[in-house]
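Just so we're aligned, residue 1 is where the sequence shown starts under full-length UniProt numbering, counting upward by one. For every residue, glycine included, the Cβ atom is placed at its ideal position computed from N, Cα and C. Quick notes on the structure that follows.
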Amino acid sequence: MLVGLVIGSLIAYYLYRELYGKRKNLPPGPTPWPVVGNIMQLDQVHPEKTLFDWGKKYGPVFTVWMPLPMVVVNDYDLMKETFLRQGDTFAGRPDLFLFKALLKGNYGLIFAHGKLWRENRRFSLHALRDFGIGRNTLQPQIMD
């Protein structure tokens, strides 16, 4: 009985910390569900409608949990300020422990970010151009 009470208390504390402890430093947003966040609250066909409605309710900047927190910027002028003028501050990808463990680091074009991503992208574009991708070698033959 005591063990069950301790385990239940630990689970309740963990859920409280996960759901509400992390939210205090983020913009307001819809209350997330445990484990899945706000995914189940999105319109499955047109999720942009749900995000637009949340923007009217919570303001131009709000937090959505997928199940990790994502800050949504829902105003053109604010987007321009955020991503064009302060792009380096907001660039990058989240560090997902599972992917880092499976891939032994953030490598490749999909999971890399920052300087490593730029180097991989540059190498890939050069390699693809060497194979003829991106060139108009067949266009004159097709036009004839």
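For Asn131 and Phe123, I'd like the C-alpha separation in whole angstroms. Sequence inspection shows Phe at residue 131; the Asn mentioned does not correspond to that position. When rounded, the distance between both Cα atoms is 13 Å.
Determine the extent of the beta strand (DSSP E) in which Thr31 is found, giving its start and end residues. No beta strand (DSSP E) contains Thr31, which DSSP labels as neither H nor E.
Alpha-carbon spacing of Glu48 relative to Arg129, whole angstroms: 36 Å
Using CA atoms only, rank isn't needed, just tell me which of Ala127, Gly37, Gly87, Leu26 is closest to Tyr58. Leu26
Alpha-carbon spacing of Thr31 relative to Phe62, whole angstroms: 11 Å
How many angstroms separate the CA atom of Val73 from the CA atom of Met66? 15 Å
Three-state secondary structure assigned by DSSP to Pro69: strand
Start and end residues, alpha helix (DSSP H) containing Gly55: 47-58
Indicate the three-state DSSP secondary structure (helix, strand or coil) for Gly8 in the structure shown. helix
Exposed or buried, which one is residue 152 when buried takes at least 16 other CB atoms within 10 Å? Since the displayed the chain opens at 1 and closes at 144, residue 152 lies outside it and no answer follows.
Pick helix, strand or coil for Val3, following the three-state DSSP scheme. helix
Quick check on Gly87: does DSSP put it in helix, strand or coil? helix
Pair within 8 Å by beta-carbon distance, Ala112 and Asn120: yes
Which two residues bound the contiguous alpha helix (DSSP H) that contains His113? Here His113 belongs to no alpha helix (DSSP H), and DSSP marks it neither H nor E.
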